[in-house]
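Notes to accompany the following structure.
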């Protein structure tokens, strides 16, 4: 067992730091999942999940990773050969593409450089060109966890509306949900994909699908084979407060407590807190003279910041120096930015001083690893954190236009 | 919140009572699932799972319910139209059938009366008749949780061997594993299906597939669409100590601790303990003048006992009386024995005095609910429990023959 | 570490079974014991303690064992040479006597046979004879944990009143509080002594003194040296929500939760539950043909039952058989009943089925240890437990007279 | 309940941050405190406590605050009228004085300015002048928690030896133990006083007395009235693995785990870690242009740093700004430095990044509270933390001379 002489700093963008209240809520005996007492819990977490997704429609809660919820979105609504439009925002878009391909979808994967959100103008162009409405779904990643770039789902909705295109809008908000504004109903999302281990402050083990009436109707008619992920069964069982299989009881205890905490803080305050922490982090990165992975100033993620390593310096070596010296885990660069970038999470159960510990560890680590940089990132971050009221909320490029 | 003025008696056959040691092992901060520290945990639970299934082959550990592991067994090895042989041992066999049908398998479902294990002679007859080897898999439930009847997998293996039939042998041992002998390799099982919330003493949330070389080879060649459940990916990632998605870190902490407890006790002792508790329970049922759901004396489950209600008495009403008066949850009768039977779990983290509390609650409940019965079941159970050494191990009918 | 293959049955009369809710409330980070947040907790537990003791006067909460609270009662109100009247109800009376002697009190220790409560008539006689009012305090044990005999404090108060004697009335209710009626103010108690590890359902580590105005006035004038136990200091600091030393923060978290649970159940229901469990236990003892340690039918403790072993059989040997075979801890016979009696606790977080497990373990243990007895104690206990409404509340002899 | 949107920073010098491992070890059911299983625990924590105090003599473990252990040291060895020598190092010396006076000792209290350790030369002068050996004990505080100044016990021992004075040497090392070198036997300490809630990383609730043979002999002959604190009784019961009262079982579980963690790290590494964190803190204070409360460069505490507020600025107002803005608790100035100083704890379960979060919160707080200071304290601290090997161990002034 690794010895920790103080708290480990877990600054990867998921699994995130779990509040003691949530851990303790889960640290309880199980219960009869067919009892009235369980049904009360079941209804409570269903309703709470709806409030977090901001929807009146059903929210599926799967005992699964977020990956499972990606698959659920696909197998419920699409069939082999269906054409879909996806955008290469980063590794998680690539992984979702992989699943789409396994289910034999015909994917138009708009290439990207992993340094910005999806190109909504290009999406709109593709939709406009698709007069025959062959495209059955547009699938985007809201908050690309591998890069720290945000794609605004509302802008994609507007593109669909402007082109009067009937494709479903499916959004992975696994690391967006509960760390930044998300409006399943108001933004016209058809399928939202979520997971427990990010801003929901839970251990991994729950996947979510929020749906629209339109998506439900399409799912009903969809002949694709499915069982575990089948929405109809979940919805049918949910009506009596349970699920079509033994639910992950203890994780549901935690889900209830985590959402209670989010609501005690107030979702708007939760979002403002993430933005402030994100702004402070970027101020530090800028002061160090390093580049953020995200190059679009309007697309910075409130939940994590990708940082590009200077040429000739390996990000994973740097991460090891930080781990060995300061007992802090930073996020690795994934796939094509392996070794070239690292990620700082500031998502979930997190606050100003945890961030300052984090940034201090990075600043010291840069020095110990002999990565060229200017000192003073921590000072720059403190400047931001001190001026609480004046941190402007970042707006997406397209939203502003 | 329900107030408990002492410990709730959770005597449903899963989720079962979770040991404090296991709950506390899970009540810990998460960790970087891509770190060396995690890989150490990953390798440890993979190896531990192999020891429990008694196999040298890979064991998939899914963040899922047991239902998911059923689906995994199917989608990895079979394709639409494939013929399989299943046996109606009870509700869980029926549910697995449902999944098979959703994946468009051609199921030969041998009917059963839910009061014994699968009819191995009939299985053998079907296999013998299948000269063309159309049957791709025989799928049986080892310990039928809805009835308390055991089907001995080794006897099915022998039937396959005697008929020299190449069909895969797939066994659901969700509620059998770790409560009674199970030998994945030695018994020639091709796919074993497990879950966390029974004798593994964990919360629900993990599904297992143990496999054979033959099953792996078939899976490699199998064109069926799959992603989440795909063995190849799990095996590839497992080689470096991780999984192809964010694993359920905290449940894995618990899995490690639970298996440590099982091994401290010794698996043979674990099995003997379950048999003793089961024998005592049956002695009580007999003394009450009630019938066990299982009618085959060789097929009684070590983990749970189904009890038939006298004609004219509703099992769920009885269960409610017990819950309201004694804060004990008993298992409901499922599907076609709804209201006609209830189930007593004596599986997992359980001992003699917990059983005596359980049986006392039932005996008092029978009285309060005015169910005709003889008193003295608890006395009969004590007779069994006192004579520890003399409880004979139950043997399966076929094994004896 | 001892391996438990199910829950250990902890049936000693303290420390008792701790509810999961209480354990989890304590399983939290500490806090600044000089903060406003702490003061809120401090005031909450002070007020809650007053409700439990049924007093409007201050309640001292010490980081100590109950022994410490005994000492506190003495050093605050009495001086060397002071005459006090005590009654030998059992080992805890003897231990309190020991402390009184160490502080050089002149103790008139009324002898007893450990099989009934204090002889209130004899107390009254001594008081009546003490025309000079030399006796400064009458000190009795409410619920004698070593025997299971109750002394009704109200009767002692009446004796004081009838003799118009000004002595202080000091009552050890360590194992009485929260398991049976206790009225600090209404019964005219001057000093009540409590502890955390009995019916308060907490770990050991907190001692309590509830006081009267009269006791406070006497304490103010009392020249006895003291510091840690000094009421004045505690009361002064309590006014601002804290204590004159670092308080046992995590135990206070637990105290708050434990009292919340007692109040959710309702104290009257708590008392009725203890009486029912106690009656059932005695029914079992009677059916076994054994004697209870308490011979006064009006003095049976709701919280524990002492049982006399048949001549020639060692109680501790029997307890070992029970521990080794059934993983249950029973209370040992203390001091002069060492080896001659054992104690069954049915106090605190406890319910009918936990009791039935307990009694079953005893009945089986009697058999395995070859202790002469009749079987059927568990049946007799069930008869009592089934008839919830008809269990009459036991009344004290004197109260009836 | 206060909402925490990340971890609260508890930077008061006790209660300190409790490791999850320790909290979870305590979050367990109780056990029979008279069982063999408990005796095993009892012997284990007695032996572990001896290793931490570095003694072969008995160590008393009281269910009490540290205040109780102060009182225990006095009542076991001294009698009313005995002359003792104490040094006013700060508030905790003043509090111990208060207890000594309550027990009517004749205290020669050497005045101090709360900005350095005890004046050992002055102590030696007093001892030399006491030809009649009226002084029965020299009582000093090792690590004065109210100021952050260390008094080296070994130097006091040398002064006693040089003057051939037979007085007992009694040392409060409540906040010194396990954060800096302490050698009960090798340094010739007669009574060491400890507490659980500092570097032992436990909740408050345990007090300790380590003793010498000489102190034990004096205690045996000492007629002072005592019971709860009486060493003889504890030692007698400890021989069979238990205590003369119900021990604080769950805190003992935690003590075992906490000492295991300290020993896994290695006590020398624990001490070096505290020194490094302390040096970094002082570097920050210096860079801010503030003064440490401790003015003797050889006497800085490894466990906490007192900081003097600039004239005209209230320390408690500043602490409130920090608490309100950054959810961090800093230690208040006590007694005569109330409002004039605050304290930063860097003791116990603590590491570099927790310290950086702490110092960042202070630097931002100074700014928000408009306290005159230079920025850059955090940078100065990072310089120290980066250069791990080069931090020299601080030596006491007298030791150097």
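Residue numbers (my numbering), protein chains in the order written: chain S, 4 to 404; chain Y, 4 to 404; chain D, 4 to 404; chain U, 4 to 404. We treat Cβ as the ideally placed atom computed from N, Cα and C, and that holds for glycine. These numbers come from a predicted model, not from an experiment.
For residue 212(S), the uninterrupted beta strand (DSSP E) run begins and ends at 209-214, by DSSP. No Cβ of chain Y is located within less than 8 angstroms of the beta carbon of residue 373(S). Note on the segment 347-380 of chain D: whole alpha helix (DSSP H) runs with a minimum of 4 residues are 355-371, in chain order.
Counting every other CB atom within 10 Å of its CB across the protein chains shown gives residue 320(S) a total below 16, marking it as exposed. Using a Cβ-Cβ cut-off of 8 angstroms, residue 21(D) counts as an interface residue toward chain U, since at least one Cβ of chain U sits closer than that to its own. Our two residues, residue 254(D) and residue 96(U), have alpha carbons roughly 27 angstroms apart in a direct line. The beta carbon of residue 198(S) sits closer than 6 angstroms to the beta carbons of 69, 177 and 210 from its chain, once the five residues preceding and following it are set aside; these are given in chain order. Under the 8 angstroms criterion on CB atoms, residue 296(D) is classed as non-interfacial with respect to chain U. For residue 31(Y), a Cβ of chain U is located within less than 8 angstroms of the residue's own Cβ. Taking CB atoms only, residue 361(U) has a neighbour in chain S less than 8 angstroms away.
When the Cα atoms are used, residue 32(S) and residue 12(S) turn out to be separated by approximately 29 angstroms.
In this structure the segment 99-108 of chain S does not lie against the segment 245-263 of chain Y, because fewer than three pairs of beta carbons, one per stretch, are closer than 8 angstroms. The beta carbon of residue 151(D) lies closer than 6 angstroms to those of 296, 297, 304, 307, 308 and 309 in the same chain, with the five residues before and after it left out. Of all C-beta pairs linking the segment 368-380 of chain S to the segment 37-44 of chain S, fewer than three are shorter than 8 angstroms, placing the two stretches out of contact. Annotation for residue 156(Y): the continuous alpha helix (DSSP H) segment containing it runs 156-165. Neighbours of residue 27(S) across chain D, judged by C-beta separation under 9 angstroms: 27, 28, 30 and 31. Boundaries cannot be given for residue 337(D), as no beta strand (DSSP E) includes it and DSSP labels it neither H nor E. Of all residues in the segment 244-256 of chain U, the ones placed with a Cβ closer than 7 angstroms to any Cβ belonging to chain D are 248, 249, 250, 251, 252, 253 and 254, in chain order. A Cβ of chain U is located within less than 8 angstroms of the beta carbon of residue 276(S). Exclusion of the five residues before and after residue 251(D) leaves 66, 208 and 209 as the residues of its chain whose Cβ lies within less than 7 angstroms of its Cβ. Residue 215(Y) is a Cβ neighbour of residue 60(Y), given a cutoff of 8 angstroms.
Residue 10(Y) reaches chain D at 10, 20, 22, 23, 352, 353, 354, 356 and 357, counting residues in chain order whose Cβ is nearer than 9 angstroms.
When 166(Y), 160(Y) and 116(Y) are compared, the shortest CA-CA separation from residue 135(Y) is found for 166(Y). Contact of residue 85(U) with chain D is not assigned, every C-beta pair being separated by 8 angstroms or more. Every beta strand (DSSP E) stretch that sits fully inside the segment 69-94 of chain Y and reaches 3 residues is listed by chain position as 86-90. In this structure, 388(Y) is the residue among 58(Y), 243(Y), 388(Y) and 371(Y) with its C-alpha nearest to the C-alpha of residue 279(Y). For residue 144(S), same chain residues with a beta-carbon under 6 angstroms away, outside a window of 5 residues either side, are 92, 95, 96 and 175 in chain order. For residue 140(D), no alpha helix (DSSP H) encloses it; the enclosing beta strand (DSSP E) starts and ends at 138-144.
Residue pairing by DSSP puts residue 197(Y) in a beta bridge opposite 211(Y). Apart from the 5 residues on each side of it in sequence, residue 203(Y) sits with its Cβ closer than 6 angstroms to the Cβ of 181 and 261 in its chain, given in chain order. Sixteen is the threshold: when 16 or more other Cβ atoms of the shown chains lie within 10 Å of the Cβ of residue 115(S), as they do, the residue is buried. Closest in alpha carbon position to residue 344(Y), among 286(Y), 118(Y) and 71(Y), is 118(Y). Around the beta-carbon of residue 27(U), 16 or more other beta-carbon atoms lie within 10 Å, marking it buried. For a Cβ distance threshold of 7 angstroms, residue set 382 of chain S lies close to residue 378(U), ordered along the chain.
When the Cα atoms are used, residue 139(D) and residue 284(U) turn out to be separated by approximately 57 angstroms. Looking at 87(Y), 179(Y), 160(Y) and 148(Y), the one whose alpha-carbon comes closest to that of residue 123(Y) is 160(Y).
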